[in-house]
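Student:
Residue numbers (this note's numbering), protein chains in the order written: chain A, 1 to 117; chain B, 118 to 230.
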């Protein structure tokens, strides 16, 4: 089956610094990737849609200058949390859409736990 | 906008028994996809089952089946012969025409031995 990886799996950073999270589709090409945020025992909240070669589309209420998304290739999207603060601590999950099949299935990465101290 | 509602925050089932998780949704679209995802403690999202709205037949995957009632906008998941490994958070999700997934709040399923 299709595999999506995320790196790092866990990261701790100091308040005010920036941190980059990578999302890779390992065995398929993904022109579209999605970034979600999940707080403990809560649902996934879509933050933005990442499109290869173009600007990301952000959901209402998500600060695009704080959560920078770059989708530079068909297998890689990155999420950079800029000037991180403790309230940015969360679990970030990406998914990648496989365009090769008719169902346009989304495959999820294992997530990245961000802790801002 | 589409919404997905899971009214059961937690459910418990005895091992080998059957449990049904509820999900309702709201949409004005006629053609769409519905999903059930499982999120175990590892937090890796796993697709359990998928239903295309234009198909009247309920989807089944081994011990997992759905009861899809399009007119009622209801999409419940039945787990038969529950196993300890089924314990997880289950999310119902709707896929929009722009291919975004809208998730419900989730149901924590506990399996008792």
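Where a beta carbon is used, it is the ideal one built from N, C-alpha and C, also for glycine.
Could you check the C-alpha separation between residue 218/B and residue 211/B for me, to the nearest Å?
Tutor: Looking at the two C-alpha atoms, the distance is approximately 6 Å.
Student: Between residue 221/B and chain A, is there a C-beta pair that is closer than 8 Å?
Tutor: Output row for residue 221/B: interface = yes.
Student: Return no unless some Cβ of chain D is closer than 8 Å to the Cβ of residue 17/A.
Tutor: Among the protein chains in the structure shown, which are A and B, there is no chain D.
Student: Checking 8 Å against the spacing of the C-beta atoms, do residue 168/B and residue 154/B come in under that value?
Tutor: Contact flag unset, no.
Student: Compare the C-beta of residue 172/B against all C-beta atoms of chain A and say whether one is closer than 8 Å.
Tutor: Chain A, which has no Cβ nearer than 8 Å to the Cβ of residue 172/B, makes this no.
Student: Does the beta carbon of residue 217/B sit closer than 8 Å to a beta carbon anywhere in chain A?
Tutor: For residue 217/B, the answer is yes, since a Cβ of chain A falls inside 8 Å of its Cβ.
Student: I need the DSSP call for residue 87/A, collapsed to helix, strand or coil.
Tutor: In the structure shown, residue 87/A sits in a helix (DSSP, three-state: H, G or I).
Student: Report the rounded CA-to-CA distance for residue 72/A versus residue 34/A, giving the unit in angstroms.
Tutor: Looking at the two C-alpha atoms, the distance is approximately 14 Å.
Student: Is the beta carbon of residue 110/A closer than 8 Å to that of residue 15/A?
Tutor: No, these two residues do not count as a Cβ contact at 8 Å.
Student: Along the beta strand (DSSP E) that carries residue 68/A, what are the first and last residues, could you check?
Tutor: Unbroken beta strand (DSSP E) run through residue 68/A: 67 to 73.
Student: For residue 176/B versus residue 148/B, is the C-beta spacing smaller than 8 Å?
Tutor: Not in contact: residue 176/B and residue 148/B (Cβ atoms no closer than 8 Å).
Student: According to the neighbour-count rule (16 or more other Cβ atoms, all chains shown, within 10 Å of its Cβ), is residue 108/A buried or exposed?
Tutor: By the neighbour-count rule (16 or more Cβ atoms within 10 Å), residue 108/A is buried.
Student: So residue 61/A contacts chain B; which residues on that side make the cut at Cβ distance below 9 Å?
Tutor: Residues of chain B passing the Cβ test: none, with the nearest at roughly 13 Å.
Student: For residue 38/A and residue 57/A, what's the separation of their Cα atoms in angstroms?
Tutor: Cα to Cα, residue 38/A sits roughly 19 Å from residue 57/A.
Student: Who are the neighbours of residue 208/B on chain A, taking C-beta pairs under 9 Å?
Tutor: Those are 43, 44, listed as they occur along chain A.
Student: Between the alpha carbons of residue 20/A and residue 114/A, how many angstroms are there, rounded?
Tutor: Their backbone Cα atoms lie some 10 Å apart in a straight line.
Student: Are residue 227/B and residue 91/A closer than 8 Å when you measure CB to CB?
Tutor: Cβ distance not < 8 Å, so residue 227/B and residue 91/A don't count as in contact.
Student: DSSP three-state call for residue 203/B: helix, strand or coil?
Tutor: Helix.
Student: Check for me: the beta strand (DSSP E) holding residue 36/A runs from which residue to which?
Tutor: Per DSSP, residue 36/A belongs to the beta strand (DSSP E) from 32 to 38.
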